[in-house]
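In this note's numbering, the protein residues as written are 129 to 743. Ideal Cβ positions, reconstructed from N, Cα and C, are used throughout, including at glycine. Notes follow once the structure below has been shown.
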Amino acid sequence: MSALRAALIGAPNSGKSSLFNTLTGGHQKVANYPGVTVERRSGIVTTQAGHHIKLVDLPGIYSLHDRSLDEKITREIITGVHQSEQQPEILICVVNASNLRVHLRLVLELKTLGLPMIIALNMHDLATRDGIEIDVKRLSEELNLRVITTIAVRRSGINALREILDRDRSSYEKPINTLSDTSTRALQKEAGRITKLVQIAEGGEHKLTRTLDNIALNPVVGPILFFAILFFMFQAVFSWAEGPMDLIEGGFASLGQLINEHLPDNWIRGLLTDGVIAGVGSVLVFLPQIIILFVFILIMEASGYMARAAFIMDKLMAKVGLNGRAFIPLLSSFACAIPGIMATRTIANHRDRITTIMIAPLMTCSARLPVYTLLIAAFIPNNTVMGFFGLQGVVFFALYMAGIISAIIVAAVMKATITKGTLQPFLMELPKYQLPRISHILIGLWQRVRAFIRRAGTIILYMSIALWALALYPHAPKGATEPDIFYSYAGIIGRTLQHIFAPLGFNWEISIALVPGMAAREVAVSALGTVYALQGNEDQVTQSLSSILQNQWPLPTALAFLTWYVYAPQCFATLATARRETNSWAWTAFMTGYLFALAYLMAFIVNISAKALLA
Numbered sequence: 129m130s131a132l133r134a135a136l137i138g139a140p141n142s143g144k145s146s147l148f149n150t151l152t153g154g155h156q157k158v159a160n161y162p163g164v165t166v167e168r169r170s171g172i173v174t175t176q177a178g179h180h181i182k183l184v185d186l187p188g189i190y191s192l193h194d195r196s197l198d199e200k201i202t203r204e205i206i207t208g209v210h211q212s213e214q215q216p217e218i219l220i221c222v223v224n225a226s227n228l229r230v231h232l233r234l235v236l237e238l239k240t241l242g243l244p245m246i247i248a249l250n251m252h253d254l255a256t257r258d259g260i261e262i263d264v265k266r267l268s269e270e271l272n273l274r275v276i277t278t279i280a281v282r283r284s285g286i287n288a289l290r291e292i293l294d295r296d297r298s299s300y301e302k303p304i305n306t307l308s309d310t311s312t313r314a315l316q317k318e319a320g321r322i323t324k325l326v327q328i329a330e331g332g333e334h335k336l337t338r339t340l341d342n343i344a345l346n347p348v349v350g351p352i353l354f355f356a357i358l359f360f361m362f363q364a365v366f367s368w369a370e371g372p373m374d375l376i377e378g379g380f381a382s383l384g385q386l387i388n389e390h391l392p393d394n395w396i397r398g399l400l401t402d403g404v405i406a407g408v409g410s411v412l413v414f415l416p417q418i419i420i421l422f423v424f425i426l427i428m429e430a431s432g433y434m435a436r437a438a439f440i441m442d443k444l445m446a447k448v449g450l451n452g453r454a455f456i457p458l459l460s461s462f463a464c465a466i467p468g469i470m471a472t473r474t475i476a477n478h479r480d481r482i483t484t485i486m487i488a489p490l491m492t493c494s495a496r497l498p499v500y501t502l503l504i505a506a507f508i509p510n511n512t513v514m515g516f517f518g519l520q521g522v523v524f525f526a527l528y529m530a531g532i533i534s535a536i537i538v539a540a541v542m543k544a545t546i547t548k549g550t551l552q553p554f555l556m557e558l559p560k561y562q563l564p565r566i567s568h569i570l571i572g573l574w575q576r577v578r579a580f581i582r583r584a585g586t587i588i589l590y591m592s593i594a595l596w597a598l599a600l601y602p603h604a605p606k607g608a609t610e611p612d613i614f615y616s617y618a619g620i621i622g623r624t625l626q627h628i629f630a631p632l633g634f635n636w637e638i639s640i641a642l643v644p645g646m647a648a649r650e651v652a653v654s655a656l657g658t659v660y661a662l663q664g665n666e667d668q669v670t671q672s673l674s675s676i677l678q679n680q681w682p683l684p685t686a687l688a689f690l691t692w693y694v695y696a697p698q699c700f701a702t703l704a705t706a707r708r709e710t711n712s713w714a715w716t717a718f719m720t721g722y723l724f725a726l727a728y729l730m731a732f733i734v735n736i737s738a739k740a741l742l743a
């Protein structure tokens with residue numbers, strides 16, 4: 129008689145690999161399935177009667193919906209259609225006892241296949257430690273399956289599992305599927321029902337998590353709470369940072385005055401004041417806002433709320449053909465589009481991944497903060513709305529929401545046309561709520577602040593110096609009536625581009641700033657600082673950049689410029705990342721083209737609308 133073919137199956141974090149190692153010991157082989165990078169682990173289990181069982185450790189999955197390559201391979205094997213792997217004769221489904229509801233959904237789905245199956249209720253010791261008590265007999269009755277409690281790392285329950293495997297294969301009972309509806313929602317509902325019946329005690333942490341989830345994941349309260357958190361975050365970014373920003377701005381102003389007093393009037397002084405301080409200083413002044421934004425994001429990640437945000441957004445994302453898994457890369461893009469685009473690797477469906485990459489740049493990254501803050505401070509009065517909310521913070525929040533809403537609309541159009549495909553259900557194991565560790569928050573914050581400062585000390589510094597040089601030469605001709613920069617290389621470039629951007633209300637100074645802004649978004653602010661510093665008089669030199677713009681720009685131009693940066697084509701680094709992740713110049717060109725067209729169109733609409741309202 130040939131050896132029995134058995135397969136270990138279970139969700140990630142169920143302890144499946146530990147159980148496999150315990151059962152097979154050193155009698156295992158590791159390779160890849162033919163043609164793919166998915167790992168194949170197989171081994172021999174020796175029973176107490178001396179029988180040998182061929183055991184394969186299937187890839188960890190949450191369902192059989194073929195959303196990922198892992199799920200596709202697992203489904204092909206257990207249904208007997210895989211080209212290089214025989215169908216197993218019995219399944220050993222590994223269930224994490226401390227997260228029963230999530231893992232039972234997979235068990236119920238596997239029952240519909242009709243294969244003989246054993247339930248290994250693993251990590252039983254961790255569940256007991258957390259105060260979770262499960263009625264194993266009742267669980268076995270509800271599932272109509274044999275349930276063995278195991279602790280793989282301690283070899284507990286291994287002998288009982290071997291005894292079952294030692295039985296004659298003809299005696300294995302096939303599970304009875306009692307569900308008429310096997311949709312994802314129906315399976316989740318049934319898993320919840322069984323969990324309530326068999327989980328007779330629950331630990332304090334789990335009770336707290338369940339209580340908080342009843343609020344955070346409520347279909348009505350959950351979205352309201354989520355957007356309230358976002359609104360509070362953007363209010364805080366603008367209001368809490370005001371004092372530190374004033375100190376930094378005053379520090380750079382004092383440094384500029386000190387240089388002017390102690391250095392002769394030559395190109396070195398001009399480079400330091402008009403190039404370095406006006407350029408780099410105008411960006412670094414926004415560091416407090418970036419710190420506050422990152423603190424909020426890190427706290428949401430560390431507390432476990434970020435995963436809930438993905439589930440909250442799942443219904444909304446489903447309306448545009450995506451699921452909640454796409455929201456995590458999009459939320460990461462609030463910090464920077466580059467890690468957001470790279471995070472799309474977790475999205476198994478290729479069409480969904482491409483769509484998410486294409487809309488990730490519409491999320492307002494931290495590099496846009498200096499642009500938003502500069503213009504809001506200059507043109508939006510610091511009034512209160514409804515007696516409580518700051519108008520500047522409300523506008524700030526509205527700019528972020530404009531990016532989110534636009535991303536949703538673009539995704540809906542793409543999913544209805546060029547990336548059309550079947551909507552896949554969203555399954556994700558939610559972590560427990562926990563208090564964020566201050567040390568972890570500080571480490572994460574320091575990493576992000578260091579990256580921002582490094583950009584200020586490298587690319588922003590280099591671009592500021594290059595722009596200063598372009599703005600200095602050639603010198604103005606004799607009898608010139610305009611500032612020297614007007615006749616420089618930078619001025620020539622700006623006046624040439626102005627023909628393109630004039631319908632948006634952009635002047636030649638703005639047109640200059642758009643060019644280095646492609647290197648990094650925040651460079652646009654440093655470029656404006658350099659341009660106006662080089663053409664300013666003594667009174668303007670002592671003014672902040674926001675005060676200068678307030679006097680130089682009409683309101684429609686400022687609003688159009690804000691709108692442009694909601695949609696503007698990404699920095700070169702982002703486009704390079706999109707090229708690498710899509711492996712396509714065509715998709716990269718599509719991203720650049722549609723963002724430019726959308727930015728131009730929306731800025732044009734805002735400009736003419738504002739002019740009409742102010743007329």
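| Query | Result |
| --- | --- |
| Candidates Thr-175, Val-184 and Asp-263: closest to Glu-167 by CA position | Val-184 |
| Contact check, Ala-725 vs Trp-692, beta carbons under 8 Å | no |
| Residue-level contact to chain D via CB, Gly-531, 8 Å cutoff | Going by chain labels, chain D is absent from the structure shown, which holds only one protein chain. |
| Cut-off 7 Å between Cβ atoms - residues of its own chain near Ile-504, not counting five sequence neighbours on either side | Gln-520, Val-523 and Phe-524 |
| Supposed close pair Leu-232, Ala-319 - CB separation, criterion 8 Å | 4 Å |
| Range of the contiguous beta strand (DSSP E) that encloses Glu-167 | 167 to 174 |
| Residue closest to Val-173, alpha-carbon to alpha-carbon, out of Ile-279, Asn-250, Asn-287 and Leu-267 | Asn-287 |
| Under the three-state DSSP convention, the category Leu-502 falls into | helix |
| Backbone CA spacing between Val-734 and Ala-740 [nearest angstrom] | 10 Å |
| Residues of its chain near Ser-268, where Cβ-Cβ distance is below 6 Å and the 5 sequence neighbours each way are ignored | Val-275 |
| contact_flag[the segment 639 to 647, the segment 614 to 626] where n(CB pairs < 8 Å) is 3 or more | yes |
| Beta-carbon separation (whole angstroms), Lys-182 vs Leu-132, contact threshold 8 Å | 7 Å |
| Contact between the segment 199 to 207 and the segment 257 to 266 (3+ Cβ pairs under 8 Å) | no |
| Continuous beta strand (DSSP E) stretch holding Ser-185: start and end | At residue 185 the sequence reads Asp, which differs from the Ser that was named. Residues 180 to 185. |
| Range of the contiguous beta strand (DSSP E) that encloses Gln-327 | 327 to 329 |
| Three-state secondary structure assigned by DSSP to Asn-272 | coil |
| Buried versus exposed call for Leu-386 [16 or more other C-beta atoms within 10 Å across all chains shown] | exposed |
| Cα-Cα separation, Ser-146 to Val-230 | 19 Å |
| Close beta carbons around Ser-367, own chain, < 7 Å, minus the five adjacent residues each side | Gly-518 and Gly-521 |
| 8 Å Cβ cutoff met for Gly-252 and Ala-430 | Note on identity: in this sequence residue 252 is His, with Gly being the wrong assignment. It is not a contact, given that the beta carbons lie outside the stated cut-off. |
| Integer-rounded CB distance, given that Leu-273 should sit under 8 Å from Pro-303 | 6 Å |
| Ile-482 and Thr-716 closer than 8 Å at C-beta | no |
| Classification of Glu-199 by the beta-carbon crowding that lies within 10 angstroms, buried from 16 upward | buried |
| Cβ-based burial, Asn-477 [other Cβ within 10 Å; buried from 16] | buried |
| Rounded Cβ spacing between Phe-462 and Met-491 (contact assumed at less than 8 Å) | 5 Å |
| From Arg-565, Asn-224 and Ile-485, residue whose alpha carbon lies closest to that of Met-428 | Arg-565 |
| Segment contact flag, the segment 526 to 546 with the segment 505 to 513, C-beta cutoff 8 Å, min 3 pairs | no |
| For Thr-277, the residue or residues it bridges with in DSSP | Leu-249 |
| Residue from Gln-575, Ser-737 and Arg-473 whose Cα sits closest to the Cα of Val-423 | Gln-575 |
| Supposed close pair Val-754, Gly-153 - CB separation, criterion 8 Å | With the chain covering only 129 through 743, there is no way to say anything about residue 754. |
| Enclosing alpha helix (DSSP H) for Asn-224 [first to last residue] | Run containing Asn-224: none in the alpha helix (DSSP H); it sits in the beta strand (DSSP E), 218 to 224. |
| The segment 536 to 544 / the segment 678 to 691 touching (three or more Cβ pairs under 8 Å) | no |
| Cβ-based burial, Ile-201 [other Cβ within 10 Å; buried from 16] | buried |
| First through last residue of the beta strand (DSSP E) which encompasses Leu-136 | 132 to 138 |
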